[in-house]
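One point on numbering: in the numbering used here, the residue at position 146 of the sequence shown is 225, and numbering is uninterrupted. Just so you know, even glycine gets a beta-carbon here, dropped at the ideal spot from N, CA and C. Fair warning: this is a prediction, and the values are worked out from it, not measured in the lab.
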Amino acid sequence: MSDIKKIKDEFLVKLSGDLKIENVSQIKSELFGKNGKISNSFKNLKSLPVEERKKFASDLNILKDELQDKINKKIQEIEITEINSKLENEKVDVTLPERNIVQGKIHPVSQVIDEISSIFSEIGFSVEEGPDVENEHYNFTALNTPDNHPARDMHDTFYLDDKKEFLLRTHTSPVQVRTMLKGKPPFKIIAPGRTYRSDSDQTHAPMFHQVEGLHIDKNINMGHLKGCLNYFIKSFFELNKIKMRFRPSHFPFTEPSAEVDIGYELRDGKIIIGEGDKWLEILGCGMVHPNVLKNVKINPDKYQGYAFGIGIDRLAMLKYGINDLRAFFETDYRWLNHFGFDPLDVPSNYRGLSR
Ligand code: PHE
Numbered sequence: 080m081s082d083i084k085k086i087k088d089e090f091l092v093k094l095s096g097d098l099k100i101e102n103v104s105q106i107k108s109e110l111f112g113k114n115g116k117i118s119n120s121f122k123n124l125k126s127l128p129v130e131e132r133k134k135f136a137s138d139l140n141i142l143k144d145e146l147q148d149k150i151n152k153k154i155q156e157i158e159i160t161e162i163n164s165k166l167e168n169e170k171v172d173v174t175l176p177e178r179n180i181v182q183g184k185i186h187p188v189s190q191v192i193d194e195i196s197s198i199f200s201e202i203g204f205s206v207e208e209g210p211d212v213e214n215e216h217y218n219f220t221a222l223n224t225p226d227n228h229p230a231r232d233m234h235d236t237f238y239l240d241d242k243k244e245f246l247l248r249t250h251t252s253p254v255q256v257r258t259m260l261k262g263k264p265p266f267k268i269i270a271p272g273r274t275y276r277s278d279s280d281q282t283h284a285p286m287f288h289q290v291e292g293l294h295i296d297k298n299i300n301m302g303h304l305k306g307c308l309n310y311f312i313k314s315f316f317e318l319n320k321i322k323m324r325f326r327p328s329h330f331p332f333t334e335p336s337a338e339v340d341i342g343y344e345l346r347d348g349k350i351i352i353g354e355g356d357k358w359l360e361i362l363g364c365g366m367v368h369p370n371v372l373k374n375v376k377i378n379p380d381k382y383q384g385y386a387f388g389i390g391i392d393r394l395a396m397l398k399y400g401i402n403d404l405r406a407f408f409e410t411d412y413r414w415l416n417h418f419g420f421d422p423l424d425v426p427s428n429y430r431g432l433s434r
């Protein structure tokens with residue numbers, strides 16, 4: 080068999096196999112590379128007798144073209160197979176239903192805390208925080224709460240140890256004490272956060288939220304307290320006029336003490352804030368008791384001021400028409416989707432936080 084025929088048979092068989100692009104490149108260099116079979120055959124032409132040379136050269140050229148052609152076709156074939164298999168594997172089924180895009184929502188309580196912080200920061204209050212796990216001293220004793228006070232009762236307070244030394248804070252008022260121990264007067268702070276009491280029904284949850292307010296300076300009086308709360312309530316409910324009343328009350332850490340009610344009426348089963356002859360309690364307040372000031376080494380003859388504690392959840396329920404407090408803490412996504420806020424929803428009275 081002639082060389083030409085041998086090369087042809089060998090490579091036609093090779094090229095008919097199930098090949099990848101790399102295999103074809105390999106075959107190509109076996110034929111046409113520096114030491115390739117075709118390249119070498121051309122080099123050997125010189126050694127042939129002249130009469131054979133012409134015919135051999137012509138046959139070799141034909142073979143060269145034929146194999147080159149086969150190689151090109153093979154490459155094309157492989158590429159088409161690859162594209163087809165890609166199309167098959169990466170097929171997009173346009174009839175599939177779209178994927179659910181879940182967008183997070185801001186919980187109404189977080190929203191209201193931001194709104195409250197924003198309103199108070201406008202009139203010079205800064206934001207303080209305290210721990211949820213408190214000791215009995217900050218939660219009760221330093222706040223002038225006597226040992227036998229009913230708030231200390233097991234029925235009301237979640238104690239964390241038998242000695243009743245540690246507890247879950249029952250109000251945000253311990254932040255008053257922590258703030259005053261940390262610095263020197265004047266103080267003008269609010270302290271939003273979680274609070275805990277052993278209570279559970281439609282309007283009470285064992286965990287709820289309060290925001291404490293404290294303003295201590297020289298010559299602060301109840302008029303300042305009233306003005307501050309009036310400004311706050313009007314800003315919060317976005318009303319120019321709102322009925323508000325101070326009702327005498329008692330807290331061990333304020334003297335005198337008051338609870339504040341706002342006026343409302345029921346229209347078609349809905350609460351309309353600000354008018355009407357019904358009253359809703361929204362906060363407790365008073366002038367800081369001299370004993371509390373003494374407990375944190377502040378001279379009550381020089382400094383005095385007011386404090387208040389507002390129920391955040393109650394405010395959120397009133398402003399956004401939510402009627403069951405328990406829903407706040409049930410982590411029901413459908414509820415949150417309905418009552419929650421878009422991160423970019425800016426309420427009309429929101430002027431940014433200046434923490
Ligand atoms: N800590 C009181 C409560 O939880 C509220 C309050 C705060 C009252 C500050 C007076 C002053 O009910």
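Buried or exposed: where does residue 272 fall if 16 or more other Cβ atoms within 10 Å of its Cβ makes it buried?
-> As a position in the sequence shown, residue 272 is number 193, starting the count at 1. Buried is the call here.
Buried or exposed for residue 376, please, with buried defined as at least 16 other CB atoms from any protein chain shown within 10 angstroms of its CB.
-> Working through the sequence shown from its first residue, we reach residue 376 at position 297. Residue environment for residue 376: exposed (fewer than 16 other C-beta atoms within 10 angstroms of its C-beta).
Give the C-beta separation of residue 258 and residue 215 to the nearest angstrom, bearing in mind that I take them to be a contact with Cβ-Cβ under 8 Å.
-> Indexing the sequence shown from 1 puts residue 258 at position 179. Indexing the sequence shown from 1 puts residue 215 at position 136. The beta-carbon distance between residue 258 and residue 215, rounded to whole angstroms, is 19 Å. This is too long to meet the 8 Å contact definition.
Element boundaries [beta strand (DSSP E), containing residue 129] | Reading the sequence shown from its first residue, position 50 is the one you call residue 129. Segment 129–168 is the alpha helix (DSSP H) holding residue 129; no beta strand (DSSP E) there.
Excluding the five sequence neighbours on either side, which residues of its own chain have a C-beta within less than 7 Å of the C-beta of residue 111, listed in chain order?
-> By 1-based counting over the sequence shown, the position of residue 111 is 32. So the list reads 117, 118, once near-sequence residues are dropped.
Going along the chain, which residues of its own chain have a beta-carbon closer than 6 Å to the beta-carbon of residue 236, five neighbours each way excluded?
-> Taking the first residue of the sequence shown as 1, we reach residue 236 at position 157. Around residue 236, the same chain offers 246, 249 as residues with beta carbons nearer than 6 Å, after the five sequence neighbours per side are excluded.
Report the rounded CA-to-CA distance for residue 145 versus residue 179, giving the unit in angstroms.
-> Within the sequence shown, numbered from 1, the residue matching residue 145 stands at position 66. Within the sequence shown, numbered from 1, the residue matching residue 179 stands at position 100. Straight-line Cα distance between these residues: approximately 57 Å.
CB-CB under 7 Å to residue 188, same chain, minus the five flanking residues each way: which ones, in chain order?
-> The residue given as residue 188 occupies position 109 in the sequence shown. Within the same chain, residue 188 has close Cβ partners 288, 391, 392, 395, 407.
DSSP three-state assignment for residue 284, whether helix, strand or coil | Mapped onto the sequence shown, residue 284 falls at position 205. Of the three classes helix, strand and coil, the one that applies to residue 284 here is coil, per DSSP.
So, helix, strand or coil for residue 223, using DSSP?
-> Counting from 1 along the sequence shown, the entry for residue 223 is found at position 144. Secondary structure of residue 223 (DSSP, three-state): coil.
Considering only residues of the same chain and omitting the five flanking positions on each side of residue 417, which have a CB-CB separation below 6 Å?
-> By one-based count along the sequence shown, residue 417 stands at place 338. Here residue 417 has no same chain residue with a Cβ atom under 6 Å from its own Cβ, once five neighbours each way along the sequence are excluded.
Terminal residues of the alpha helix (DSSP H) in which residue 316 lies | Taking the first residue of the sequence shown as 1, we reach residue 316 at position 237. Here the alpha helix (DSSP H) through residue 316 covers 301–316.
Check whether the Cβ atoms of residue 385 and residue 292 lie closer than 9 Å to each other.
-> As a working mapping, residue 385 is identified with position 306 in the sequence shown. As a working mapping, residue 292 is identified with position 213 in the sequence shown. Yes, Cβ-Cβ distance for residue 385 and residue 292 is below 9 Å.
Among 244, 369, 335, 351, which one has its Cα closest to the Cα of residue 321?
-> Position 242 of the sequence shown holds residue 321. Proximity to residue 321 across 244, 369, 335, 351 peaks at 351, based on C-alpha coordinates.
From residue 169 to residue 163, what does the alpha carbon distance come to, in whole angstroms?
-> As a working note, residue 169 is residue 90 in the sequence shown. As a working note, residue 163 is residue 84 in the sequence shown. Distance from the CA of residue 169 to the CA of residue 163, rounded to the nearest whole angstrom, comes to 10 Å.
Alpha carbon to alpha carbon, how far is residue 369 from residue 27? Give it in angstroms, no decimals.
-> There is simply no residue 27 to check, as the chain begins at 80 and stops at 434 in what is shown.
Residue closest to residue 197, alpha-carbon to alpha-carbon, out of 378, 183, 338, 314 = Counted from its first residue, the sequence shown places residue 197 at position 118. Checked all of 378, 183, 338, 314; the closest Cα to residue 197 is 314.
Using the Cα positions of residue 102 and residue 142, report the straight-line distance between them to the nearest angstrom.
-> By 1-based counting over the sequence shown, the position of residue 102 is 23. By 1-based counting over the sequence shown, the position of residue 142 is 63. Whole-angstrom Cα-Cα distance: 20 Å.
Report all residues from its chain with a CB closer than 6 Å to the CB of residue 290; omit the five preceding and five following residues, and keep chain order.
-> Numbered from its first residue, the sequence shown carries residue 290 at position 211. So the list reads 195, 269, 271, 389, 391, once near-sequence residues are dropped.
Which same chain residues, not among the five before or five after residue 80, have their C-beta less than 6 Å away from its C-beta?
-> Counted from its first residue, the sequence shown places residue 80 at position 1. Unreliable placement is indicated for residue 80, whose pLDDT of 49 sits below 50; the coordinate value is still reported in the next sentence. In its chain, beyond the 5 residues on either side, no residue has a beta carbon closer than 6 Å to the beta carbon of residue 80.
Between the beta-carbon of residue 224 and the beta-carbon of residue 311, is there less than 9 Å?
-> Residue 224 sits at position 145 when you count from the first residue of the sequence shown. Residue 311 sits at position 232 when you count from the first residue of the sequence shown. Their beta carbons are not under 9 Å apart, which means residue 224 does not touch residue 311 by this criterion.
Euclidean distance between Cα positions of residue 87 and residue 140 | Here the question's residue 87 lines up with position 8 in the sequence shown. Here the question's residue 140 lines up with position 61 in the sequence shown. For residue 87 and residue 140, the gap between their C-alpha atoms comes out near 12 Å.
Could you pull the start and end residues of the beta strand (DSSP E) that residue 89 belongs to?
-> Position 10 of the sequence shown, counted from the start, is the residue given in the question as residue 89. Boundaries for residue 89: no beta strand (DSSP E) harbours it, while the alpha helix (DSSP H) harbouring it runs 82–94, taken from the DSSP string.
For the ligand PHE, is there a heavy atom less than 8 Å away from the beta-carbon of residue 277?
-> Walking along the sequence shown from the start, residue 277 turns up at place 198. False, no ligand heavy atom lies under 8 Å from that Cβ.
Have a look at residue 279 and residue 254 and give me their C-alpha separation to the nearest angstrom.
-> On the sequence shown, residue 279 is found 200 positions in, with the first residue counted as 1. On the sequence shown, residue 254 is found 175 positions in, with the first residue counted as 1. Approximately 25 Å, taken between the alpha carbons.
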